[in-house]
Amino acid sequence: MMSRMILITGLLLLSISVSAEEAVTQTVTAEDIFNTRCTICHQRPEPDMLSPMQWKMILNLMQIRMKQAGMPQLNEKEFEMVQTYLMQKAEQ
Ligand code: HEC
């Protein structure tokens, strides 16, 4: 009886911690990624300072710069999110 209680409590705790983790990853916005990852080597660029075309080129260049600096690049999802964010905020 006792060991079953422990098992059930353990499973409950496990599922709570898993959903807390999901909640954290889901609330990271493109702006968060931009504000944290694009301010490591220089000041935060203004999203409306470049055109969508220029942002595309710059983002690819920045991936290379991150690799050259030996730091993790934006993964595919992060890249997509930041690119979409910048496309929306770009100089029109
Ligand atoms: C590893 C360091 C590093 C990180 C991280 C980084 N940059 Fe850069 N960034 C540079 C360097 C170095 C330059 C100077 C231009 C060059 O030689 O690439 C630059 C220049 C720029 C410029 C100016 C380009 C111009 O022509 O005036 C913009 C805009 C920019 N980065 C945007 C970003 C964005 C957006 C991110 C995040 C996705 C980012 N950077 C992350 C290193 C970095």
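Numbering (this note's numbering), first residue to last: 282 to 373. C-beta atoms are modelled at their ideal positions from N, C-alpha and C, and glycine is treated no differently.
CA-to-CA distance, residue j to residue i, given in whole angstroms
{"i": "L367", "j": "P328", "result": "6 angstroms"}
{"i": "K370", "j": "L331", "result": "9 angstroms"}
{"i": "I339", "j": "I345", "result": "10 angstroms"}
{"i": "A311", "j": "P353", "result": "17 angstroms"}
{"i": "K358", "j": "K337", "result": "15 angstroms"}
Candidates the options, of which the one nearest residue i by Cα
{"i": "Q373", "options": "Q354, M347, Q335 and M343", "result": "Q335"}
{"i": "Q349", "options": "C322, K370 and F315", "result": "C322"}
Beta-carbon contacts of residue i that lie in its chain and below 8 angstroms, excluding the five residues immediately before and after
{"i": "C319", "result": "R325, P326, M343 and V363"}
Contact test: residue i Cβ vs the ligand HEC heavy atom, cutoff 8 angstroms
{"i": "M343", "result": "yes"}
{"i": "P333", "result": "no"}
{"i": "M368", "result": "no"}
Sequence-distant residues of the same chain with beta carbon closer than 7 angstroms to residue i, five excluded per side
{"i": "N341", "result": "none"}
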